[in-house]
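Enquirer: All letters in the sequence shown, in the order written, are residues 149 to 531 by our numbering.
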Amino acid sequence: MTATHVLVLNSGSSSLKYQLLDMSADAARKATGIVERIGEPAGPADHTEALRRVADELAAHGAGLDSPDLAAIAHRVVHGGTRFTDPTLITDEVVAEIEHLIPLAPLHNPANLTGIEVARRLRPDLPQVAVFDTAFHSTMPQAAARYAIDRTVADEYGIRRYGFHGTSHAYVSRRTARLLGKDPSEVNVIVLHLGNGASASAVRGGVCVDTSMGLTPLEGLVMGTRSGDLDPAVIFHLTRVAGLSPDQVDTLLNKRSGLLGLCGDNDMREIGRRMAEGDEAARLAFEVYVHRLRKYVGAYCAVLGRVDAVAFTAGVGENSAAVREAALDGLEPLGIEIDAVRNAVRGSAERLVSTDTSRVAVAVVPTDEEREIAQQAYSLVRP
Ligand code: ADP
Numbered sequence: 149m150t151a152t153h154v155l156v157l158n159s160g161s162s163s164l165k166y167q168l169l170d171m172s173a174d175a176a177r178k179a180t181g182i183v184e185r186i187g188e189p190a191g192p193a194d195h196t197e198a199l200r201r202v203a204d205e206l207a208a209h210g211a212g213l214d215s216p217d218l219a220a221i222a223h224r225v226v227h228g229g230t231r232f233t234d235p236t237l238i239t240d241e242v243v244a245e246i247e248h249l250i251p252l253a254p255l256h257n258p259a260n261l262t263g264i265e266v267a268r269r270l271r272p273d274l275p276q277v278a279v280f281d282t283a284f285h286s287t288m289p290q291a292a293a294r295y296a297i298d299r300t301v302a303d304e305y306g307i308r309r310y311g312f313h314g315t316s317h318a319y320v321s322r323r324t325a326r327l328l329g330k331d332p333s334e335v336n337v338i339v340l341h342l343g344n345g346a347s348a349s350a351v352r353g354g355v356c357v358d359t360s361m362g363l364t365p366l367e368g369l370v371m372g373t374r375s376g377d378l379d380p381a382v383i384f385h386l387t388r389v390a391g392l393s394p395d396q397v398d399t400l401l402n403k404r405s406g407l408l409g410l411c412g413d414n415d416m417r418e419i420g421r422r423m424a425e426g427d428e429a430a431r432l433a434f435e436v437y438v439h440r441l442r443k444y445v446g447a448y449c450a451v452l453g454r455v456d457a458v459a460f461t462a463g464v465g466e467n468s469a470a471v472r473e474a475a476l477d478g479l480e481p482l483g484i485e486i487d488a489v490r491n492a493v494r495g496s497a498e499r500l501v502s503t504d505t506s507r508v509a510v511a512v513v514p515t516d517e518e519r520e521i522a523q524q525a526y527s528l529v530r531p
């Protein structure tokens, strides 16, 4: 009997998300869950304990960690640097190289590594695969990936644009092509991944040519709690004039900016409610958010030349008709016409929300990063 299940682990600093998928049944989801509060009094003591809980929950579904059906464990890893551009079978050497990338992702890579270490300890015989959030963007041309700073400094410290949410951009751009009845190689797509973190990408014929996040996930769009683009001199100003330390600036821009910084809420639902009550701060936050979005859509139209589709995904992109409509408002001269009625219909299916005459299709495509990670991992280990 062939093993066809893939366990996807997304290990954060205090949580462990998992999904078990059956690749022989169109990646059907067999089990899914999250173990939270790792290291807190109410939660498991550490990641080893957390993975044991995952194993128990899986066993309750009749597919424990020791199941012969398990073909691989796939790990989401945030930063692959320039070294990892494809799903990679994990070895001691690969672990060491992911460790090496910690300075580029000091919050994420250590947590991802912990997940890898405990999973390898519990199932040393099983193939473990790392799938990197940066990988899909590794095809960006130098013109898009380089910052215009001193080349020697940039090369010495690995300072360049890497991009994140890659598995989502890969999955959604491909699904969008299929929704149009085309092969991914035939279409140019702008993907707008709007979750708590948010990023845009320009995908030409299935290949990423630009994306909005940079060295870290801080660059680009306005996000739930991140500022996105700003004049780098704001940072000098905050340190020299406001007296903040580098760590304080880091926290301010990553955790207390974006929608939260602008209006005190980072959830688009709450912002919508407040706007309906005439709240000015909430309206301003919404407007700053969609203005940035529209700017990136325009920029990526220019980068791609011909655009076949704009695809919205993740929590805000899939659910907020108001954000979709406002972001594309006035872009008819670029061939982008959203249909107000179609756009307002709620749903969880992949769908088109553009008018029949729109030159550019506008799509809502729910993302599924776990499925993409499982598929990439399985294609590496399948017999
Ligand atoms: P994460 O980046 O944490 O994976 P998600 O993709 O789940 O985030 O998106 C979470 C965000 O989606 C929430 O913070 C909220 O702003 C937004 N969201 C979820 N549901 C809705 C909705 N019905 N309308 C508007 N925004 C929504």
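Yeah, the Cβ is synthetic: ideal placement off N, Cα and C, and Gly gets one too.
Our contact map puts Ala-278 next to His-313 with C-beta atoms below 8 Å; I'd like the distance itself, whole angstroms only.
Expert: The Cβ separation is near 16 Å, so there is no contact.
Enquirer: Any residue with its Cβ nearer than 7 Å to a heavy atom of the ligand ADP should be included. What is that list in chain order?
Expert: Gly-343, Asn-344, Gly-345, Gly-372, Asn-414, Asp-415, Met-416, Arg-417, Gly-420, Ala-462, Gly-463, Val-464, Asn-467, Ser-468
Enquirer: State the CB to CB distance for the pair His-227 and Tyr-319, rounded to an integer number of angstroms; the pair is presumed to be in contact (CB under 8 Å).
Expert: Not really, about 19 Å apart at Cβ, beyond 8 Å.
Enquirer: For Glu-520, collect the residues of the same chain with a Cβ closer than 7 Å to its Cβ; drop the 5 residues on either side in sequence, then sort them by chain order.
Expert: Thr-315, Ala-318, Tyr-319
Enquirer: Does DSSP put Leu-363 in a helix, in a strand, or in coil?
Expert: The three-state reading of DSSP puts Leu-363 in coil, since its state is none of H, G, I, E or B.
Enquirer: Out of Leu-369, Asn-344, Ala-198, Asn-336, state which residue places its alpha-carbon closest to the alpha-carbon of Val-357.
Expert: Nearest option by C-alpha distance: Asn-336.
Enquirer: When DSSP labels each residue in this structure, what does Ala-390 get in the three-state scheme?
Expert: When secondary structure is reduced to three states using DSSP, Ala-390 falls in the coil class, being assigned neither helix nor strand.
Enquirer: In the DSSP assignment, find the unbroken beta strand (DSSP E) run with Lys-165 in it and report its ends.
Expert: Residues 164 to 170.
Enquirer: Within 10 angstroms of its Cβ, does Val-493 collect 16 or more other Cβ (buried), or is it exposed?
Expert: Classified as exposed, Val-493 has fewer than 16 neighbouring CB atoms from the shown chains inside 10 Å of its CB.
Enquirer: Taking only three categories from DSSP, how would you classify Asp-358?
Expert: In the structure shown, Asp-358 falls within a strand segment according to DSSP collapsed to helix, strand and coil.
Enquirer: Ala-459 bridges to which residues according to DSSP?
Expert: Val-339, Ala-511
Enquirer: Taking the alpha helix (DSSP H) that Ser-321 falls in, what are its first and last residues?
Expert: 314 to 327
Enquirer: Enumerate in chain order the residues of its own chain whose CB-to-CB distance from Val-438 is below 7 Å, with the five nearest sequence positions on each side excluded.
Expert: Val-471, Ala-474, Ala-475
Enquirer: Could you spell out the range, first to last residue, of the beta strand (DSSP E) harbouring Val-277?
Expert: 276 to 280 is the extent of the beta strand (DSSP E) around Val-277.
Enquirer: Pair every Cβ in the region 204 to 212 with every Cβ in the region 250 to 261, then say whether three or more of these pairs are closer than 8 Å.
Expert: no
Enquirer: Whose CA, out of Leu-366, Ser-393, Thr-461, Pro-189, lies closest to the CA of Gly-406?
Expert: Leu-366
Enquirer: Where does the unbroken alpha helix (DSSP H) through His-248 begin, and where does it stop?
Expert: Element bounds for His-248: 240 to 248.
Enquirer: Which residues mark the beginning and the end of the beta strand (DSSP E) in which Ala-346 is found?
Expert: 346 to 352
Enquirer: For Ala-457 versus Leu-328, is the C-beta distance shorter than 8 Å?
Expert: yes
Enquirer: Does DSSP classify Leu-218 as helix, strand or coil?
Expert: Under the three-state reduction of DSSP output, Leu-218 falls in the strand class.
Enquirer: Just reading off the alpha helix (DSSP H) that His-439 is part of, what are its end residues?
Expert: 428 to 452
Enquirer: Excluding the 5 residues flanking His-209 on each side, which residues of the same chain have their C-beta closer than 8 Å to its C-beta?
Expert: Here the set comprises Leu-168, Lys-178, Ala-179.
Enquirer: Leaving out five residues before and five after Gly-483 in sequence, what residues of the same chain have Cβ atoms less than 8 Å from its Cβ?
Expert: Val-455, Ser-506, Arg-507, Val-508
Enquirer: According to DSSP, which residues form a beta bridge with Leu-155?
Expert: Leu-168, Ile-221
Enquirer: How many angstroms separate the CA atom of Ser-215 from the CA atom of Pro-275?
Expert: 14 Å
Enquirer: Three-state secondary structure (DSSP) at Ala-179?
Expert: strand
Enquirer: Is it the case that the Cβ atoms of Thr-324 and Val-513 are separated by a distance below 8 Å?
Expert: yes
Enquirer: Comparing alpha-carbon positions, which option in Glu-247, Ala-151, Asp-174, Ala-350 lies nearest Phe-460?
Expert: Of Glu-247, Ala-151, Asp-174, Ala-350, the residue nearest in Cα terms is Ala-350.
Enquirer: Going by DSSP in three states, Ser-375 sits in which element: helix, strand or coil?
Expert: coil
Enquirer: Below 8 Å on the Cβ atoms is my contact criterion, and I expect Ala-424 with Val-154 to pass it. Report the Cβ-Cβ distance as a whole number of Å.
Expert: Incorrect: roughly 43 Å between the Cβ atoms, too far for contact.
Enquirer: Given this structure, state the Cα-to-Cα distance separating Thr-233 from Pro-481, to the nearest angstrom.
Expert: 37 Å
Enquirer: Would you mind giving the Cβ-Cβ distance between Leu-157 and Ala-267, rounded to the nearest angstrom? I have them listed as a contact below 8 Å.
Expert: Indeed they touch by this definition, with Cβ atoms about 6 Å apart.
Enquirer: Confirm, please, whether the CB-CB distance from Lys-165 to Ile-186 is below 8 Å.
Expert: no
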